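Below: the structure, in structure tokens.
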Amino acid sequence: MEHAPCISQIATLLADPKRSAMMWALMDGTARQAEELALLAGLSPSSANAHLGRLSAGGLLKVEARGRKRFFRLAAPEIGAAVEALASATLVSTPRQIPDVFKRRVMPTKAPSAPASLMRARLCDDHLGGTLAADLYQRLLDAGWIEQFEQRVVVTHKGANQLAERGLFIQALAHRNARVACPCPDWSERRPHLGGALGAALLQLFMQSGWLTLPNDSRALQVTTLGQQEIHRFARQDAVEMAF
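Numbering (UniProt numbering), first residue to last: 1 to 244.
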């Protein structure tokens, strides 16, 4: 174990709720002023500067000087990926629902807050995450393209044919060193999106089609005008036909 990476320093930095709140505000890859981060975290400017100094010294943030103003952003895309992985781990390890024995109903737990652009569409490892991805996953289920059995996702014969018409061939995806499809927990939606080789292939298809773009130093994906129409329609027509 002598070569195991030391993660205690980073874990200590992220353990403080105020620092983690400022990290969340930067998850979309944008640079924000110290004053704005202080407001978002509910801190005084002096306290925020102290926390931001620790995050910067720890290598999690980088500082950009613009005149007299200081702007902070995530030091690297890997930092955002690590923070998001912690959020996903929290989702898996924490009970999703808290029973209310007095009202005899179930209260959902609150999802972490983050920039709206990140909540809508973002990179999740090599596939699409966020509201857009969770909605797409449900449409694929409703259209009968995929079926879920607990933590296992199977592409149906119908789904394989429909995907092949769009240039995605399941047999080719099966030769990759990954599962063809699997449900991936989405920390912002409390419902899964599609992971695995198919999830990665769909993201690649959407980006090559010009439906999604990824700005530099960002994990938040931008949905183009064409993408808003086409992704929303993806598998939807087939689901409508099944209802009749």
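Where a beta carbon is used, it is the ideal one built from N, C-alpha and C, also for glycine.
Because the structure is a prediction, the values reported are computed rather than measured.
Quick check on residue i: buried or exposed, where buried means 16 or more other Cβ atoms within 10 Å of its Cβ?
i: I231; result: buried
i: P215; result: exposed
i: S47; result: exposed
i: R122; result: buried
i: G210; result: exposed
i: P108; result: At P108, the pLDDT of 41 sits below 50, so the modelled position is not reliable and the matter cannot be decided from this model.
i: V83; result: buried
i: V154; result: exposed
i: H127; result: buried
i: S7; result: Looking at the sequence shown, residue 7 is not Ser but Ile. The residue in question, I7, is exposed, as its Cβ has fewer than 16 Cβ neighbours within 10 Å.
In angstroms, rounded to a whole number, what distance separates the CA positions of residue i and residue j?
i: V180; j: A25; result: 33 Å
i: T225; j: Q9; result: 43 Å
i: T12; j: L60; result: 12 Å
i: A38; j: F169; result: 49 Å
i: F234; j: M27; result: 28 Å
i: R152; j: C184; result: 10 Å
i: I146; j: L43; result: 47 Å
i: E36; j: L52; result: 12 Å
i: A174; j: T131; result: 27 Å
i: L141; j: A178; result: 21 Å
i: A116; j: T156; result: 34 Å
i: D125; j: G67; result: 36 Å
i: A143; j: L202; result: 16 Å
Since residue i contacts residue j with CB under 8 Å, what's their CB separation in whole angstroms?
i: A34; j: P45; result: 7 Å
i: G159; j: L205; result: Not quite, the Cβ-Cβ distance comes to about 14 Å (not below 8 Å), so this is no contact.
i: M23; j: L40; result: Their Cβ separation, rounded to whole angstroms, is 11 Å, which puts M23 and L40 out of contact at 8 Å.
i: R19; j: L55; result: 6 Å
i: R219; j: L118; result: 7 Å
i: L212; j: Q228; result: The Cβ separation is near 10 Å, so there is no contact.
Report the three-state DSSP secondary structure of residue i (helix, strand or coil).
i: K103; result: Here the model assigns K103 a pLDDT of 36, short of 50, so the residue's position is not dependable and the matter cannot be decided.
i: G53; result: helix
i: E36; result: helix
i: A134; result: helix
i: A220; result: strand
i: residue 271; result: In the structure displayed, the chain extends from 1 to 244; residue 271 sits before or after that span and is not available.
i: E189; result: coil
i: Q148; result: strand
*Would you check if the region 130–146 and the region 188–208 touch, i.e. whether three or more CB-CB distances between them fall below 8 Å?*
At 8 Å Cβ cutoff, the stretches touch.
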